[in-house]
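Encoded as structure tokens, the structure appears first; notes follow it.
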Amino acid sequence: MEGSLDTEHILWEDRDVRFDIPLRQMQLRPGEKLIDQLDSIEDTKGNNGERGKLMVTNLRVIWHSKTLPKINLSVGFNCVINLSTRSAESKLRGTTEALYILTRCNNTRFEFIFTNLVPDTPRLFTSVIAVFRAYETSRMYRDLKLRGALIANKTLKLLPLEEVYDKVNGVWNLSSDQGNLGTFYITNVRVVWHANLNETFNVSIPYIQMKAIKIRPSKFGTALVIESLKTNNSQAGGYVLGFRLDPIEKLNEVFQQIHSLYKVYSANPIFGIQYQTEDKLEPLEQVTVQYQEDDIEITDDTPASDAFVAYFADGNKQSDNEPVFNEKLGLAVEKLKDGFTIESLWEITGI
């Protein structure tokens, strides 16, 4: 028996950096909330001199040009390595304080610089930095966790927006040859299992990380199997977790319960990022960029967009690195920066 899960709309918004995305991808997905929006922000790194709008959601930062919304960026918070404020040269404001966002996506580092064109306001810095901190402290809602501090006094430590729907005793984890007897907690955001004899031997599986739920045979008998997704920059590495419950009727009941709660969660996900601005925002309908199909014919002779090139983290270097011999290419090439390989530079064309 298998419960088909809707993985068509796998969460990518916080786990990817995308350039010049279709306008429909700029729309907020279920569970994504608009937290702040600023009307006069310059993308100083890639579109210096271009006035645009920046939106901060609970999953990402979105910027688009006001004159041509097809020029846009989507920067997921899970890709962010560092946030800082430094001076930058803006064509519209001159030398001024700007927000620097350093990211890593698919083993490639990108840097973004945003300048607020409204003088004497720290709102750009405070909004993005505060929401990012809220994102960082709420990862348990979204990331699969092994051997975490999940249990205290034989009770699940609940997240702020979490509710326990069922506690199931007598659940065997089949990860070892002998199996480990433990307990299931089924909540509105995840499934948690822990061993009865060792509470630190546990796993937390958010619904957002589930790829499939199945009932299938195993060497221990009929088992409940939960497969997790493997996504960019995620700590969830495509795990296959097996559990056994007796009798079989109880196994089927738990299977149906998890499958039903997954569907409820998918309709309105709880990502756990809690942040509120003091200023009242405009209604979402007024700040949403409407998706429209262009009434033009696309030909194949247009060169591919290299929008991402402007955002490489070392894009402003003043001199070339020393040459070194590369055995794979059989050529002398410029020495690569730490974290880069020849293979990763070829893979950048797939972004």
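Just add 25 to wherever you are in the sequence shown, counting from 1, and you've got this note's numbering.
No residue lacks a Cβ here, since even glycine has one placed at the ideal position from N, Cα and C.
- Counting the other Cβ atoms within 10 Å of the Cβ of residue 232 gives 16 or more, which makes it buried.
- With contacts defined as CB atoms closer than 8 Å, residue 286 and residue 213 qualify as a contacting pair.
- Relative to residue 73, the option among 48, 121 and 54 whose CA is nearest is 121.
- Counting along the chain, residue 194 sits inside no alpha helix (DSSP H); it lies in the beta strand (DSSP E) bounded by residues 189-198.
- Secondary structure of residue 265 (DSSP, three-state): strand.
- Sorting 133, 35, 279 and 99 by C-alpha distance to the C-alpha of residue 337 places 133 at the top.
- Here the alpha carbons of residue 221 and residue 95 stand approximately 54 Å from one another.
- For residue 121, the enclosing beta strand (DSSP E) stretches over residues 119-130.
- Assignment of residue 108 by DSSP, reduced to helix, strand and coil, places it in the strand class.
- Taking one beta carbon from each stretch, the stretch 184-191 and the stretch 287-299 have 3 or more pairs nearer than 8 Å; the two touch.
- Within the stretch 143-173, no run of beta strand (DSSP E) reaches 3 residues while sitting entirely inside it.
- Counting the other Cβ atoms within 10 Å of the Cβ of residue 67 gives 16 or more, which makes it buried.
- For residue 249, the pairing in a beta bridge is given by DSSP as 240 and 268.
- Linking residue 42 to residue 78 through their CA atoms gives a straight-line distance of about 17 Å.
- Counting other Cβ atoms within 10 Å of its Cβ, residue 251 reaches 16 or more and is therefore classed as buried.
- Short of 7 Å from the beta carbon of residue 181, and not among the five residues preceding or following it, lie these beta carbons of its own chain, in chain order: 175, 189, 210 and 217.
- Judged by beta-carbon spacing, residue 268 lies within the 8 Å limit of residue 196, meaning their Cβ atoms are closer than that value.
- Judged by DSSP in its simplified three-state form, residue 116 adopts coil rather than helix or strand.
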